[in-house]
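A.B. asks:
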Amino acid sequence: MDARCHCGAVRFKTPLAAPLATYICHCDTCQKLTSSAFGMSAIFPKFELPESEMLSCYTSRTVLAKNVVSVRGGCVSGIDWSKAVHIFTKNAMVPIPEGSETYSEHSTDSGHGSDQRYLD
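Following the numbering used here, the numbering of the sequence shown begins with 2 at its first residue and continues without gaps.
Here's what the structure looks like:
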């Protein structure tokens with residue numbers, strides 16, 4: 002998948018055609034980071050990212066798992082967000098779509114089958 006920042010100064014390709022998992026986070030931190038009601042994250046197996054001081058705005062290496070990179074959802078083209086897991090919904094400012102997998106805080110296992118090994 003192609004990823005880039007708003008101005009195009011930072012560009013990279015993800016190692017897979019689709020993320021291992023997608024999350025829509027309603028925590029206070031994501032609300033502040035995005036100046037919005039939630040943040041979106043696409044989880045990929047760890048891969049080499051281009052060097053850039055600005056890259057910290059688009060990725061997070063603070064994910065508990067060490068085998069993955071969390072990429073901000075808004076910079077990756079073509080992600081299907083319809084099956085994203087909603088976390089920290091106790092802080093949600095907008096309605097959560099009916100039928101979505103939700104957690105009032107964080108998720109420890111969201112049923113991603115064989116891809117779960119990357120997330121652990």
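Note that beta-carbon positions come from the ideal geometry of N, C-alpha and C, so glycine has one too.
Going by C-alpha distance, which of 102, 101, 4, 36 is nearest residue 51?
C.D. replies: The residue with the shortest Cα to Cα distance from residue 51 is 4.
A.B. asks: Can you tell me whether residue 15 is helix, strand or coil according to DSSP?
C.D. replies: Reduced to three states, the DSSP call for residue 15 is coil.
A.B. asks: Starting from residue 23 and walking both ways along the beta strand (DSSP E), at which residues does that stretch end?
C.D. replies: Per DSSP, residue 23 belongs to the beta strand (DSSP E) from 22 to 26.
A.B. asks: For residue 40, which of helix, strand or coil comes out of DSSP?
C.D. replies: Note: residue 40 maps to strand in three-state DSSP.
A.B. asks: By how many angstroms is the C-alpha of residue 38 removed from the C-alpha of residue 99?
C.D. replies: If I take the Cα positions, the gap works out to 17 Å.
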